[in-house]
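See structure below.
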Amino acid sequence: MPDTTFRPRAWLLKTCPFCLKLRIALNEMGLDDRFDFTVFEKGDDTEADLRRRLTDAGIKPSYPAVEVAPGEYETESDRLIARYAREAGVDPETDLPLLAYYEAGVFPKFIELFKEHQARADADT
Ligand SMILES: N[C@@H](CCC(=O)N[C@@H](CS)C(=O)NCC(=O)O)C(=O)O
């Protein structure tokens, strides 16, 4: 019998553009209530725990990450969005105008800023 009590958990790095993309898509698909969200910061205990979970599952750590079924993890924002869009019966290309607005506007700039910020943080350590 399928486990109907399972709730997917989405791990989102606080300043990650791809994590915000997934969050926007889930919200726009009306799926927020079905998920538990864990927001973490670079270097904290939550990130260490997530990296362990992904590595143990044979997945290269990358954020966002979702436990899509008990003990089963998936990364890659586009793949995750496609997976839940299928479940929600929507086409992410045409049915999610807020996601489209984010992807065509702030998203590429946000990635540039994130990378610059990351490079500065790496240089400081
Ligand atoms: N193609 C991936 C890219 C995700 C990505 O590059 N995420 C960054 C954070 S914004 C990451 O996981 N970095 C690895 C790290 O910080 O260790 C996706 O769409 O999910």
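Per this note's numbering: the sequence shown = residues 1453 to 1577.
Where a beta carbon is used, it is the ideal one built from N, C-alpha and C, also for glycine.
### Query
Of all the options Glu1493, Ala1521 and Leu1506, which has the alpha carbon lying nearest to the alpha carbon of serine 1514?
If we check each option's Cα against that of serine 1514, Leu1506 comes out closest.
### Task
Compare the Cα-Cα distances from proline 1460 to each of Gly1523, Cys1471 and Phe1492 and report the closest residue.
When each option's Cα is compared against that of proline 1460, the closest is Gly1523.
#### Entry: 7 Å Cβ shell around leucine 1532 - same chain, five flanking residues per side excluded
Setting aside the 5 residues that flank it on each side, leucine 1532 is surrounded in the same chain by Leu1474, Pro1516, Val1518 and Glu1526, each with a C-beta closer than 7 Å to its C-beta; the list follows chain order.
#### Entry: Every unbroken alpha helix (DSSP H) inside the segment 1482-1513 [4 residues or more]
Listed in chain order, they are 1497-1508.
### Query
Between which two residues does the beta strand (DSSP E) harbouring glutamate 1519 extend?
Segment 1517-1521, the beta strand (DSSP E) holding glutamate 1519.
### Residue from Thr1457, Glu1499, Thr1456 and Cys1468 with nearest C-alpha to glutamate 1528
Proximity to glutamate 1528 across Thr1457, Glu1499, Thr1456 and Cys1468 peaks at Cys1468, based on C-alpha coordinates.
### Task
Run the proximity test for aspartate 1530: is its beta-carbon closer than 7 Å to any non-hydrogen atom belonging to ligand 1?
yes
#### Entry: First through last residue of the beta strand (DSSP E) which encompasses glutamate 1526
1524-1527
### Query
Do tyrosine 1554 and ligand 1 come close, with the Cβ less than 7 Å from some heavy atom?
Result no, Cβ not under 7 Å from ligand 1.
### Task
Compute the minimum distance between the beta carbon of tyrosine 1525 and the heavy atoms of ligand 1, and state whether it is under 7 Å.
No, Cβ of tyrosine 1525 sits at least 7 Å from all heavy atoms of ligand 1.
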